[in-house]
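Just remember that my numbering sits 3 ahead of the position in the sequence shown, which is counted from 1. Right, one structure below, let's go through it.
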Amino acid sequence: MSFKYLCISALLISCTSLLCSCSSPLSSSVTESGGDAQNLDVFAMNTYMSMKAYGDNAQKALDDSRELIMRLESELSVTDEGSCIYELNKNGKGTVTDSAAVLINKAVEIGDRTGGALDISLYPVLKEWGFTTEDYHIPDDKILADLLSDVDYKSISISGNEVTLPENVQIDLGALAKGYTSDSIMEQMSADGVDSAIVSLGGNVQAIGGKPDGSAWKVSVRDPFAPDTDMCIVEIKDKAVITSGNYERFFTGDDGKNYWHIIDPADGYPADNGLVSTTIIGDSGLECDALSTAFFVAGKDKAVDYWRSDRSFDMILVSDDGKIYYTEGIADSFKNISSMEAEVLRLD
Ligand code: AMP
Ligand code: MG
């Protein structure tokens, strides 16, 4: 996939009013800024990316970040013929880059920890639905069953950078790549001497520190029932806020129903286990991205059980009957700006 650098006129992270909800394809936004910021907008990984950095080294940090994004896209893309993932899928074995190895190992780990809700070997199923080409259609049951019989992330063999896939198994890192990318941007910017910055990669937000005045960033999360509007705001410093939602990519089938891009490995159909949006807030973009997708598949009860035993992150879940659930770690900064009822989830 080639890069396009776009000038996004309605940059969410440069909105100036508190509840500004600028038009954009992003699913989360930062609603406040100020000071002497440098901005950079990129279209990569099939999504709009906005970056904002403060301080003397901001421009260099943004330039380095752009280079980093280009490198990661060319390594991790499933459709780019030069990527190690493309080669791996084509040949059934290959030497992957260090970044791809980190992602594959993390995907297997989160697959194990979520009972297989996250399964990066779903790629052939995603292709059959047309989610990779936008040539959408509801698959034939028999074809889907055949494809599903080869889906099993446990069949991926990885040792260092050497990966082997059984026949008919292909992988796609789309569920975690953006979180890994925002982690990497944070590392790059910190190494460049920036201590106040925020990025939004298609609505997945991550920040270094707080705003230049020391206060927290205010990040809004989209209303899955009305994706042009925001539903809540959380305040963060040094954290990632990563959302998976059924409104992000979907098509309407001949039967009039909507079908979205997050697939349940149990039946090969779009995951429909009671949640329409999952947002994870934590230190690691990679972990948050993996969990947001996995919890969307697993449903609320399993997500809450996981959170209670792990405790290293916070989350905001929206159920398909229109209720928001958010964890107690963000209770002080969580602001509901929707008409939905919001309930706090306690550890015990
Ligand atoms: P996200 O937007 O982070 O939730 O990731 C969604 C993307 O992950 C989809 O576009 C697919 O490429 C991929 N995907 C869909 N369902 C799954 C799943 N159950 N496990 C792993 N990857 C998935
Ligand atoms: Mg994800």
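Note that beta-carbon positions come from the ideal geometry of N, C-alpha and C, so glycine has one too. Given the structure is predicted, the values throughout are model-derived calculations rather than measurements.
Contiguous alpha helix (DSSP H) elements confined to the stretch 129-203 occur at 144-151, 180-194, taking only those with 4 or more residues.
The beta carbons of Met-318 and Ile-283 sit about 5 Å from each other, so the pair counts as a contact at 8 Å. With respect to Asp-83, Ala-178 sits apart: the two C-beta atoms are not nearer than 8 Å.
About 7 Å separates the beta carbon of Ser-80 from that of Ile-88, a gap short enough to meet the 8 Å contact definition. With a cutoff of 7 Å, Leu-278 does not count as near ligand 1, since its C-beta is closer than that to no heavy atom of the ligand.
If you look at Glu-76, you'll find it in the alpha helix (DSSP H) that goes 61-79. In the three-state reduction of the DSSP assignment, Ile-123 falls in the helix class. For Tyr-51, the enclosing beta strand (DSSP E) begins and ends at 50-57. In terms of side-chain proximity, the C-beta atom of Asp-267 is found no nearer than 7 Å to any non-hydrogen atom of ligand 2.
It is roughly 12 Å from the alpha-carbon of Asn-171 to the alpha-carbon of Ile-159. For Ala-345, same chain residues with a beta-carbon under 8 Å away, outside a window of 5 residues either side, are Cys-235, Lys-326, Ile-327, Tyr-328, Tyr-329, Phe-337, Asn-339 in chain order.
Just measuring C-alpha positions, the residue of Asp-267, Ser-280, Pro-273 sitting nearest Asn-261 is Pro-273. Contact holds between the stretch 301-312 and the stretch 106-124, because three or more Cβ pairs, one in each stretch, are under 8 Å apart.
C-alpha of Val-45 to C-alpha of Ile-265: approximately 24 Å in a straight line. Going by DSSP, Ser-102 is part of the alpha helix (DSSP H) stretching over 101-116.
If you ignore the 5 residues before and after Asp-195, its C-beta comes within less than 7 Å of the C-beta of Asn-60, Lys-63, Ala-64, Asp-67, all in its own chain and listed in chain order.
Annotation for Lys-93: the continuous alpha helix (DSSP H) segment containing it runs 87-94. Collapsing the DSSP output to three states places Leu-350 in coil. By alpha-carbon distance to Trp-220, the top candidate from Lys-240, Pro-227, Leu-204, Phe-228 is Lys-240. Note on Ala-180: 16 or more other CB atoms within 10 angstroms of its CB, so buried under the neighbour-count rule. By the CB criterion at 8 Å, Val-237 and Ile-333 fall inside the cutoff. By the C-beta density criterion, Val-197 is buried, having at least 16 other C-beta atoms within 10 angstroms. DSSP, read as helix, strand or coil, puts Thr-82 in coil. By the criterion of a C-beta distance shorter than 7 Å, Leu-75 is surrounded in its chain by Ser-102, Thr-184, Ser-187, once the five residues flanking it on both sides are discounted. Between ligand 1 and the CB of Gly-177, the shortest heavy atom gap is smaller than 7 Å. No Cβ-Cβ contact shorter than 8 Å links Tyr-156 with Ala-104.
Taken through DSSP and simplified to helix, strand or coil, Tyr-272 comes out as coil. Residue pairing by DSSP puts Asp-317 in a beta bridge opposite Ile-284.
In this structure, Gly-277 sits near Ser-322, with a CB-CB distance shorter than 8 Å. Within the model, the alpha-carbon separation for Ile-123 versus Thr-98 is close to 18 Å.
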